Each structure stands twice: as structure tokens, then as C-alpha cells.
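Notes follow once the structure below has been shown.
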Amino acid sequence: MPAPASSRVSKTPSRFRSTTEAEDVVPTKGVASWRREFFEALDLLQSEIKRRFDQSSMETASRREETLLAAAKGSVGTEEDLRSLQLPINIDVSGLHMQMRMLGDLTKDEDFCTVHELAVYMSSLHMQEGSSNTWKISSCCVFPCPSP
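Per UniProt numbering, residue 1 is the first one in the sequence shown, and the count goes up by one each step.
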């Protein structure tokens, strides 16, 4: 990237100076220009990151994921807690609450940090262990299922 055109640092003509001391060097306009561009870019990045991640839908998705991971660790809230997650209308909250308790029983010996890790674990279970229905209902908590 080429340097911005900087103006030449000029000194006051000696006939206008009334001192014999050296003058202070004035920073060139190039340095000030780079500094201004840097902070403008920094402000733009901060505002775009805030705009992208500080959305109400991101907060809702985060709460849904936290609820699912807590259920996988065996900590299931009440049905009222599930209702506060703004779930789709077609989800049976009492059935979901029961499925979340079952999820905690299935995964009590595992430690998950992300929903992806939980999904990989659930997909590795056999059908006899009930992973299909548990994962289908529980995943609707995080990713709304299409209505039938």
C-alpha cells in the first residue's frame, strides 16, 4: 500500500523567527493520516462485530444452546424455562422437558462443550438407545423443526 502523500515539513523563515533555539518538529500529515485511517478502520470493525453478534436472535439461539448443553449434563430446568426460549408453537413443551431429562440420562458420563460435540455423540448411538427421538425433539429446541 503506497504511503499517503505527505506535505513537506517546512520551517518558519528565519526573518520571522525571534529565537535562536531549534524549532519543534511538526509531525507530517502522513503520520496523522495513517493514524486517522487506523482508528476509522478500528471503529468500523467494532461496530460491525457488535451489529453482527448483538442481535436478539443470537441471544435466543445462545440460550437454547445453553439449555441443551445443561440438559446433556443432567441439569434440566422447569417447563417454564423451556417456554421462555421462544420455541415454535408446534413443540410440546412437556414432552420436550421429558426428552431433556432422558438426554441427561444418556449423556451423564460425557462432557460436552458445544452442541456440535453433542450432535456427533448422539448420532453415534444405536437406535435401541432411543437416540433418534431424543435427538430429534431436543434438537428442535436449538434448531426449529419444520412444521409437519
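Glycine included, each C-beta is placed from N, C-alpha and C at the ideal position. Given the structure is predicted, the values throughout are model-derived calculations rather than measurements.
Beta-carbon gap between residue i and residue j smaller than 8 Å
{"i": "L85", "j": "R63", "result": "yes"}
{"i": "L118", "j": "L69", "result": "yes"}
{"i": "E65", "j": "V115", "result": "yes"}
Residue i - DSSP class collapsed to helix/strand/coil
{"i": "S55", "result": "For the sequence presented, residue 55 should be read as Gln rather than Ser. Three-state DSSP puts Q55 in coil, outside helix and strand."}
{"i": "P146", "result": "Because the pLDDT of P146 is 46, which lies under 50, any placement of that residue in the model is unreliable, and the number read from its coordinates should be weighed accordingly. P146 falls in the coil class under three-state DSSP."}
{"i": "T60", "result": "helix"}
{"i": "L42", "result": "helix"}
{"i": "L118", "result": "helix"}
{"i": "L125", "result": "coil"}
Identity of the residue in the options nearest residue i by Cα
{"i": "T60", "options": "P88, I49, E40 and M122", "result": "P88"}
{"i": "R83", "options": "S75, L96 and Y121", "result": "L96"}
{"i": "G104", "options": "V120, A71 and F38", "result": "A71"}
{"i": "D109", "options": "K73, M102 and S124", "result": "K73"}
{"i": "Q99", "options": "T78, H116 and S33", "result": "T78"}
Contact belief for residue i with residue j at Cβ below 8 Å, rounded distance in angstroms
{"i": "V76", "j": "R52", "result": "V76 to R52, Cβ: 31 Å. No contact."}
(request) Could you pull out every unbroken alpha helix (DSSP H) segment of at least 4 residues lying fully inside the stretch 66–112, listed in chain order? (result) DSSP runs (the alpha helix (DSSP H)) wholly in the stretch 66–112: 79–83 and 93–106.
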